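First residue of the sequence shown: 0, per numbering that gives the first Met the number 0; consecutive thereafter. Here a beta-carbon is modelled for each residue, glycine too, at the ideal position from N, C-alpha and C. Everything numeric in this text was worked out from a predicted model, so none of it was measured. Report on the following structure.
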Amino acid sequence: MNFTDTHTMQEPSIVAAFILHPPALTDSARDNAKKVIADTFAANLAGASSEVVPPLQRFIDAQAHPAAAASSPVFGTTLRAAPELAAMANGTLSAALEFDDVLSMMPGHPSAVVIPALCASPAIATCSGAEFVEAYAIGIEAGARIAQAMTLDHYKRGYHATGTLCIFSAVAALARLERLTAGEIDTALGIAASMASGIQGNFGTMVKPLHSGWAARNALTAVQLARVGLTANPRIFEVSGGFFEAYGSPASGFAHIKGFGQPWILDEPGITLKLFPCCYANHRAIDAAIEIRDELQLSPADILRVECLVPIGGLIPLKFARPANRFESLFSQPYALCVALLEGHPRLSSFTEARLQAPDIAPLLERITVAESALCVADYPDYASKSYGSRGEVRLTVETFDGRRAARTVRIAPGHPERAVTWAQMQEKFADGASVAGLTAEAAEQAFAQLQAFEQLPQLSGFLDLLVPRP
Numbered sequence: 000m001n002f003t004d005t006h007t008m009q010e011p012s013i014v015a016a017f018i019l020h021p022p023a024l025t026d027s028a029r030d031n032a033k034k035v036i037a038d039t040f041a042a043n044l045a046g047a048s049s050e051v052v053p054p055l056q057r058f059i060d061a062q063a064h065p066a067a068a069a070s071s072p073v074f075g076t077t078l079r080a081a082p083e084l085a086a087m088a089n090g091t092l093s094a095a096l097e098f099d100d101v102l103s104m105m106p107g108h109p110s111a112v113v114i115p116a117l118c119a120s121p122a123i124a125t126c127s128g129a130e131f132v133e134a135y136a137i138g139i140e141a142g143a144r145i146a147q148a149m150t151l152d153h154y155k156r157g158y159h160a161t162g163t164l165c166i167f168s169a170v171a172a173l174a175r176l177e178r179l180t181a182g183e184i185d186t187a188l189g190i191a192a193s194m195a196s197g198i199q200g201n202f203g204t205m206v207k208p209l210h211s212g213w214a215a216r217n218a219l220t221a222v223q224l225a226r227v228g229l230t231a232n233p234r235i236f237e238v239s240g241g242f243f244e245a246y247g248s249p250a251s252g253f254a255h256i257k258g259f260g261q262p263w264i265l266d267e268p269g270i271t272l273k274l275f276p277c278c279y280a281n282h283r284a285i286d287a288a289i290e291i292r293d294e295l296q297l298s299p300a301d302i303l304r305v306e307c308l309v310p311i312g313g314l315i316p317l318k319f320a321r322p323a324n325r326f327e328s329l330f331s332q333p334y335a336l337c338v339a340l341l342e343g344h345p346r347l348s349s350f351t352e353a354r355l356q357a358p359d360i361a362p363l364l365e366r367i368t369v370a371e372s373a374l375c376v377a378d379y380p381d382y383a384s385k386s387y388g389s390r391g392e393v394r395l396t397v398e399t400f401d402g403r404r405a406a407r408t409v410r411i412a413p414g415h416p417e418r419a420v421t422w423a424q425m426q427e428k429f430a431d432g433a434s435v436a437g438l439t440a441e442a443a444e445q446a447f448a449q450l451q452a453f454e455q456l457p458q459l460s461g462f463l464d465l466l467v468p469r470p
């Protein structure tokens, strides 16, 4: 009996069984999904202003695809590309400004992988909004449970879970949308396991957002290869030398996770949406800085000293105390504090080369100290199970030259499900992204209205057309 015959006869994996027969999606999970979908398109549009666009365009132009194959849009631009390249470009743009979602249990940014992959699927041509939402929710659930089975040891070893784990989210979503068989699903997961990649050593460079785009592209490829008969190990998570053993730890495995969709990840713990365009590990300190700035009515000349204490491990993703470029500024706690104290709510314009080099930045940076402290985890016995941006608490103290002092402690960042983003806040974020991408106000308003009623759209083609600026 050959391998293909064995594959056909065996029972579907736990992941494939869930994709084929998921529990009913709750109304709240569906509503939460719509908001994250809107958020991801906002981040994608905003990313069209990033400096990753020129190299992506040069790469796309260099590929030997006939013009007829360039069928998929790169949102926020006038570029069109072959589906795999469009998935790569849209995934990269969605993560380019660190404005994408956060699922702390991974920890990663799954929607910047799942949604670009779905939008590049051949099934998107006839897909309804309801089908898209369902496929998205199933993809998030499958990838999150795989991540839960991996444990946080995976991230601690230096892997970037967005690249290594969110690829499975995208494969699951595509499998649902394209109606793959059980055998095809398990094959696609096996193929994807050998494509999973991404390391934290590239944070602060263009490769970091490319992890999202590469995962989206590879997910699309894995599904296509499975559909045309390429074989892979259908038990890639459990087998000796498989994904859990190679990428995980002795604790990795499905045995200790909750059942898929029980509850839906979109309900519990939920997905965090960013109100500030930078690494999520910065957000609690930014929130504290904005409050203190308002309380003390600060001007830059007032500030004598700023001290920020973060949990043990809290600076692992925040590698740059003195950022040298815009990409490094996204992963710099001192810089994030700087712009929050100077401007209040940081905007897209706060993390640009011009802002980084502005004369008011360097003097204030010298008055800011950031350190990891056991004080920030002492009252949180579960801190070790949390991601670096969500464990424990962050403590910020600001002192002025005239003797005033203010302190804040923040446990939950804005945008977390416990401090959820409202549709009004989401509309503001979407409008900002649409504006920098060159969409008209009318197109942005139409697109956002459709996002709010996404599950009612009979077809997505008209909506997707709104995300492309008109010449």
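Within a Cβ cutoff of 7 Å, which residues of the same chain sit near residue i, ignoring the five residues on either side of it in sequence?
i	result
F2	Only weak support is given to the placement of F2: the predicted model assigns it a pLDDT of 31, under 50, and the value that follows is read from those uncertain coordinates. Around F2: T230.
I302	L340, L363, R366, V397 and T399
Y154	P106 and A160
I139	P109, V113, S168, I264 and L265
D4	Any reading at D4 is ruled out, since the residue's pLDDT is 36, under 50, leaving its predicted position unreliable.
I190	A221, L224, A225, L229 and A231
Just confirm the distance between the C-beta atoms of residue i and residue j, as a whole number of angstroms; I'd bet it's less than 8 Å.
i	j	result
A88	I59	7 Å
L363	L347	Contact flag wrong, Cβ pair sits at about 20 Å.
P316	G388	7 Å
R175	A119	Not a contact, Cβ separation roughly 15 Å.
R403	L295	6 Å
V376	R394	No, V376 and R394 are not in contact; Cβ-Cβ is about 11 Å, not under 8 Å.
F131	L459	6 Å
A116	L173	6 Å
Check the DSSP bridge columns for residue i and list the partner residues they point to.
i	result
S251	Answer is none; S251 lacks a bridge partner.
A80	S71
I302	T399
V309	E371
Y158	I198
A406	T396
V101	T271
G107	L102
Closer than 8 Å by C-beta to residue i: which residues in its own chain qualify, once you throw out the five before and the five after it? Chain order, please.
i	result
L274	H282, H344, P413, G414, V420, Q424 and K428
E371	L308, V309, P310, I311, G312, G313 and L314
M0	Bear in mind that a pLDDT of 23 at M0, under 50, signals an unreliable position, so the number given afterwards is only what the model happens to contain. Once the five neighbours on either side are set aside, M0 has no close Cβ partner at all.
H6	Summary for H6: the model assigns pLDDT 43, below 50, so the residue's position carries little reliability; its value from the coordinates is reported in the next sentence. The residues are G182, D185, T186, T230 and P233.
I289	A339, G343 and H344
D359	P299 and L341
L355	P322, N324, R325, S328 and Y334
P470	T77
G437	A47, G75 and P468
Between the Cα of residue i and those of the options, spot the shortest distance and give me the residue it belongs to.
i	options	result
G432	P21, R29 and F40	F40
A250	A148, A116, E441 and L209	A148
T439	R178, G75 and R410	G75
D30	Y379, F330, Q199 and Q455	Q455
T220	I256, I139 and T186	T186
Q56	R234, K34 and A80	A80
L84	I264, R410, A136 and A218	A218
K318	A335, F462 and G203	G203
T396	E50, D286 and L151	D286
I270	P470, A136 and A405	A136
G157	A122, L117 and G200	G200
K207	G252, D293, L96 and L24	L96
What residues in its chain sit with their C-beta under 6 Å from that of residue i, if we drop five residues either side in the sequence?
i	result
Q451	none
C484	Nothing about residue 484 can be read from this structure; the chain reaches only from 0 to 470.
A42	S93, F98 and D99
P11	A181
P22	G260
I474	A query on residue 474 cannot be resolved here, the shown segment of the chain reaching from 0 to 470 and no further.
L465	A442, Q445 and A446
V369	C307, Q332 and P333
A406	T396
Q152	According to the sequence as given, residue 152 is Asp; it is not Gln. The residues are S248.
P322	S328, S331 and Y334
M8	Bear in mind that the predicted position of M8 carries a pLDDT of just 48, short of 50, making it too unreliable to give a figure here.
A32	V132, Y135, A136 and L265
A320	P333
P416	G269
A122	L176 and E177
Return no unless some Cβ of chain B is closer than 8 Å to the Cβ of residue i.
i	result
P310	Included in the structure is just one protein chain, with no chain B present.
Inter-stretch contact (C-beta, 8 Å, three-pair minimum) for the stretch 96–109 and the stretch 143–151: yes
Inter-stretch contact (C-beta, 8 Å, three-pair minimum) for the stretch 201–216 and the stretch 162–169: yes
Are the stretch 119–134 and the stretch 238–246 in contact at 8 Å, needing three or more beta carbon pairs? no
Flag this pair as touching only if the stretch 260–280 and the stretch 327–334 have three or more C-beta atom pairs under 8 Å; answer yes or no. yes
Can you confirm whether the stretch 254–272 touches the stretch 13–25 when touching is taken to mean that 3 or more C-beta pairs between the two stretches lie within less than 8 Å? yes
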